[in-house]
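Have a look at the structure below before the remarks.
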Amino acid sequence: MLEKEQKFISIFEEYQICLLSNKNPKDWVLYYNKEGKCLIKHNKKNNITWIRYIYIWSIFEKEYNMNYEDIQSFMKDQLLKHFKIMGTTPLKLEDNAGN
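Using my numbering, the first residue of the sequence shown is number 263, and each one after it goes up by one.
Below you can see the structure in the form of structure tokens.
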């Protein structure tokens, strides 16, 4: 099994960043994988980062036996280190939330 940070990095080997074009385009940044699935939705205005459960959150919950608070703290560190998203609150985005 990969070390947690290596697993996080591997999820984002090839990704695209997209600004949300409706409502408040300058407030949202979306991160997609190479298959076009949205992995992360970051709201710059309120500094909340939604982490897709099926593609990211569940991996750390199931494979690494981490609880909600541990995953949230880990994601906060990884988002700062790899995406320069400072002081964000990572939250789990359930699968019924779209693409």
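Note that the Cβ used here is the ideal one computed from N, Cα and C, for glycine as well.
Computed from a predicted model, the values in this text were never measured in an experiment.
Proximal residues to residue i (C-beta, below 6 Å), its chain only, five neighbours per side dropped
| i | result |
| --- | --- |
| Lys296 | Glu276 |
| Lys306 | Asp289 |
| Gly360 | Bear in mind that a pLDDT of 49 at Gly360, under 50, signals an unreliable position, so the model cannot answer this. |
Range of the contiguous alpha helix (DSSP H) that encloses residue i
| i | result |
| --- | --- |
| Lys266 | 266-273 |
Straight-line Cα distance separating residue j from residue i
| i | j | result |
| --- | --- | --- |
| Gly337 | Lys288 | What sits at residue 337 in the sequence shown is Met, not Gly. Near 23 Å, if we compare the C-alpha coordinates of Lys288 and Met337. |
| Glu356 | Tyr315 | 5 Å |
| Phe322 | Ile302 | 15 Å |
| Asn308 | Cys300 | 19 Å |
Cutoff 7 Å; reference residue i; Cβ partners in own chain excluding five residues on either side
| i | result |
| --- | --- |
| Gln334 | Pro352 |
Supposed contact pair residue j and residue i - C-beta distance, whole angstroms, cut 8 Å
| i | j | result |
| --- | --- | --- |
| Trp319 | Ile313 | 5 Å |
> Quick one: complete beta strand (DSSP E) runs, 3+ long, within the segment 312-359?
Replying inline: 351-355
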